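J.:
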Amino acid sequence: MLNNRINISIYSLAVLPVDYLDRLGDPFETTCAAKDIDSSYRGVFSDGIRAYQLTTYLGLVRAHYGRGVANQIGNYQQRLLQPDGKAPNAITTALELVRGALGSKSVTADTDHGSMDIPIEMNIALALLLGMHSSPHFSTRPEQRAEQVSRMGMDIDWSLSQCLTHAREEMERVFSPLLACIESGVRVDFVNAWLNERCPVNRIDHH
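Take 3 as the starting number for the sequence shown in the numbering used here and just add one per residue.
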């Protein structure tokens, strides 16, 4: 148990978002469905969005229960996503890239109306597009990266940035109130019912 107010184990808290996201299906076909993105980007979009959703969840856990609990949950999730514990796979690589981008400095752009803050999701999008092996723009050397950024243009990185933003907002909408309820001591069956109601697949099945 986390403490005497919480009836759900740390392992269950680690599994909750993984199971929920599995039921949502491939984000390339759900979160990004309206973007009409070339299928060559499926891998980097799908893994990158999933990684950002899991990172967002850990941020919510950290806000409710502190860094120690969030770290324990992150360790459990690492084992779930990389059960053999060997070489990093696509999703664990994406997680590392997302964390690195979140730790980078914010970016501003000069416009006719003054400077504009660039959303952190743009930093994450660029990190994924340049750092994931599945990306058509994967590159390892700085000079290659500058060339790839100019080659990809504005459309693809902005599209991924917007998909990431939407995915983050959805995770916050679903899990922020749920974690608050868990903190109040709700039972695990309430948690499962909550997530079932908010899974679009299940909502469609009910009609």
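All C-beta atoms in this analysis are idealised placements derived from N, C-alpha and C, irrespective of residue type, glycine included. These figures come from a predicted structure and were not determined experimentally.
Between Leu56 and Glu149, what straight-line distance do the alpha-carbon atoms span, to the nearest angstrom?
T.: Approximately 30 Å, taken between the alpha carbons.
J.: At which residues does the alpha helix (DSSP H) containing Asn73 begin and terminate?
T.: Arg69 to Leu83
J.: Note down the Cα distance separating His1 from Ser163, rounded to an integer number of angstroms.
T.: Because residue 1 is not part of the residues shown, which for the chain are 3 to 209, the question remains open.
J.: Taking only the alpha-carbon atoms, compute the straight-line gap between Arg64 and Glu145 and give it to the nearest angstrom.
T.: 37 Å
J.: Measuring straight from C-alpha to C-alpha, what distance separates Asn198 and Thr58?
T.: 20 Å
J.: Would Ala96 pass as a contact of Gly50 if the rule is Cβ separation under 8 Å?
T.: yes
J.: Cβ atoms of Leu62 and Glu174: under 8 Å apart, would you say?
T.: yes
J.: Need the endpoints of the alpha helix (DSSP H) that Ala16 sits in, please.
T.: Ile12 to Leu26 is the extent of the alpha helix (DSSP H) around Ala16.
J.: Beta-carbon separation of Pro125 and Ala103 under 8 Å?
T.: Looking at the sequence shown, residue 125 is not Pro but Asn. Their beta carbons are under 8 Å apart, which means Asn125 touches Ala103 by this criterion.
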